[in-house]
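Take a look at the structure below.
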Amino acid sequence: MFETRYYTRFDKEYPDKLRFIRDPPAGIYVRGDLPDPDKKTVAIIGARACSQYGRNMAEYFARQLAMNGVQIVSGMARGIDGVAQKAALSEGGRSFGVLGAGADVVYPKENRDIYEMIQGHGGLITELPDGTAPLPMHFASRNRIISALCDVLLVIEARVRSGTAITVSYALDQGRDIFAVPARLTDPLSAGCIKMISEGAGIAASPNDILKSLGLMQEEKVKGSDGSKINLKNLTRDERAVFACLDLYPVSIDEIVRMSRLSIDDAMASVMSLCIKGIAKECSSCNYIRSR
Numbered sequence: 013m014f015e016t017r018y019y020t021r022f023d024k025e026y027p028d029k030l031r032f033i034r035d036p037p038a039g040i041y042v043r044g045d046l047p048d049p050d051k052k053t054v055a056i057i058g059a060r061a062c063s064q065y066g067r068n069m070a071e072y073f074a075r076q077l078a079m080n081g082v083q084i085v086s087g088m089a090r091g092i093d094g095v096a097q098k099a100a101l102s103e104g105g106r107s108f109g110v111l112g113a114g115a116d117v118v119y120p121k122e123n124r125d126i127y128e129m130i131q132g133h134g135g136l137i138t139e140l141p142d143g144t145a146p147l148p149m150h151f152a153s154r155n156r157i158i159s160a161l162c163d164v165l166l167v168i169e170a171r172v173r174s175g176t177a178i179t180v181s182y183a184l185d186q187g188r189d190i191f192a193v194p195a196r197l198t199d200p201l202s203a204g205c206i207k208m209i210s211e212g213a214g215i216a217a218s219p220n221d222i223l224k225s226l227g228l229m230q231e232e233k234v235k236g237s238d239g240s241k242i243n244l245k246n247l248t249r250d251e252r253a254v255f256a257c258l259d260l261y262p263v264s265i266d267e268i269v270r271m272s273r274l275s276i277d278d279a280m281a282s283v284m285s286l287c288i289k290g291i292a293k294e295c296s297s298c299n300y301i302r303s304r
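Going by this note's numbering, 42 is the number at position 30 of the sequence shown; the sequence numbering is gapless.
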């Protein structure tokens, strides 16, 4: 069991990223570790009541970023926050939860597995002492800590008026880069992201957009069936063409042939090869998706 430690702004352990923001916490309570200041950090935030699309995107971006050594920060809330943090941890990455309660309080209860795992592979951070309940007034304030600890803030699904918008405002004030994942124009959960993009946020069309902004290698990696990390540049030309056609939603072999402009035989051979390598899978008869 990890014990709670307390650092004031006068302690060397206190993060510099917090030390120089407007209204820095007088002190922080920590269980586990603090983010490594020498490693890049991305905050992934978004809607609590997210869609399946949002969940898929949160998992996809968090896994890819974790594979490239990026630390993930979030608020451990329901929805996008928890999904992203769990995905990063499951990929062997490091994640940090900024809480709106005491470090000894598990909230929400369904994230207990993340709460327990994160302390050995990252840490829990809060400005509130142990035993403090997760009251609504605490969450808006903690959002300035989430944004301060990151190099890039990534938003996946958000309504126009939301806690996510508050975090974005803090990030702008702190000079952080902001990216948003686009989605359907008619979806209320996309309205916040669309507004951010229209006001100048970067479009996160793929994890490479985030990696590029961080100055990291722009080579998308996927996990093979044996657990190894496969660099997409090592696939054959046909395999890359087929993989580019795949999504987290089913794509038929006919659509793959049309988009890749390969023959049916070459497309089938390539998709079967990707399935064998474990980076694609057949979800129904002749319909395929990317493995996450």
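Ideal Cβ positions, reconstructed from N, Cα and C, are used throughout, including at glycine.
* What is the DSSP secondary structure of residue 257, reduced to helix, strand or coil? -> Start at 1 with the first residue of the sequence shown, and residue 257 comes out as number 245. Helix, per DSSP.
* residue 163, enclosing alpha helix (DSSP H) - first and last residue -> To locate residue 163, count along the sequence shown from 1; it is residue 151. Counting along the chain, residue 163 falls outside any alpha helix (DSSP H), and DSSP gives it neither H nor E.
* How big is the Cα-Cα spacing for residue 180 and residue 38? -> For the purposes of this step, residue 180 is taken as residue 168 along the sequence shown, with counting starting at 1. For the purposes of this step, residue 38 is taken as residue 26 along the sequence shown, with counting starting at 1. Looking at the backbone, the Cα of residue 180 and that of residue 38 are separated by about 22 Å.
* Asked: Does DSSP put residue 192 in a helix, in a strand, or in coil?
  -> Here residue 192 corresponds to residue number 180 of the sequence shown, with the count starting at 1. Residue 192 carries a strand assignment under DSSP once its states are collapsed to helix, strand and coil.
* Start and end of the beta strand (DSSP E) containing residue 53? -> Residue 53 sits at position 41 when you count from the first residue of the sequence shown. Judged by DSSP secondary structure, residue 53 falls within the beta strand (DSSP E) whose first and last residues are 53–58.
* **Length of the line joining the Cα atoms of residue 201 and residue 171** => In the sequence shown, counting from the first residue as 1, residue 201 sits at position 189. In the sequence shown, counting from the first residue as 1, residue 171 sits at position 159. Cα to Cα, the separation comes out at about 5 Å.
* To do: Would you identify the three-state DSSP class for residue 64, choosing helix, strand or coil?
  => Stepping through the sequence shown from its first residue, residue 64 is reached at position 52. In the structure shown, residue 64 sits in a helix (DSSP, three-state: H, G or I).
* **Whole-angstrom C-beta distance between residue 94 and residue 150, which should lie under 8 Å** => Locating residue 150 in the sequence shown gives position 138, counting from the first residue. Locating residue 94 in the sequence shown gives position 82, counting from the first residue. So it is not a contact: roughly 17 Å between Cβ atoms.
* To the nearest whole angstrom, what separates the beta carbons of residue 259 and residue 301, a pair I think is in contact under 8 Å? -> Here residue 259 is taken as the residue at index 247 of the sequence shown, counted from 1. Here residue 301 is taken as the residue at index 289 of the sequence shown, counted from 1. Sure, about 7 Å apart at Cβ, within 8 Å.
* Please confirm whether residue 89 and residue 70 have their CB atoms less than 7 Å apart. => Start at 1 with the first residue of the sequence shown, and residue 89 comes out as number 77. Start at 1 with the first residue of the sequence shown, and residue 70 comes out as number 58. Not a contact, by the Cβ cut-off of 7 Å.
* Asked: Taking the beta strand (DSSP E) that residue 107 falls in, what are its first and last residues?
  -> In the sequence shown, the residue the question calls residue 107 occupies position 95. Unbroken beta strand (DSSP E) run through residue 107: 107–110.
* Rounded to a whole number of angstroms, what is the C-alpha to C-alpha distance between residue 31 and residue 21? -> The sequence position of residue 31 within the sequence shown is 19, counting from 1. The sequence position of residue 21 within the sequence shown is 9, counting from 1. Answer to the nearest angstrom: the Cα atoms are 6 Å apart.
* In the DSSP assignment, find the beta strand (DSSP E) that holds residue 220 and state where it starts and stops. => Within the sequence shown, numbered from 1, the residue matching residue 220 stands at position 208. Segment 219–225 is the alpha helix (DSSP H) holding residue 220; no beta strand (DSSP E) there.
* CB residue 107 to CB residue 100, shorter than 7 Å? -> Here residue 107 is taken as the residue at index 95 of the sequence shown, counted from 1. Here residue 100 is taken as the residue at index 88 of the sequence shown, counted from 1. Taking the C-beta atoms as reference points, residue 100 is found nearer than 7 Å to residue 107.
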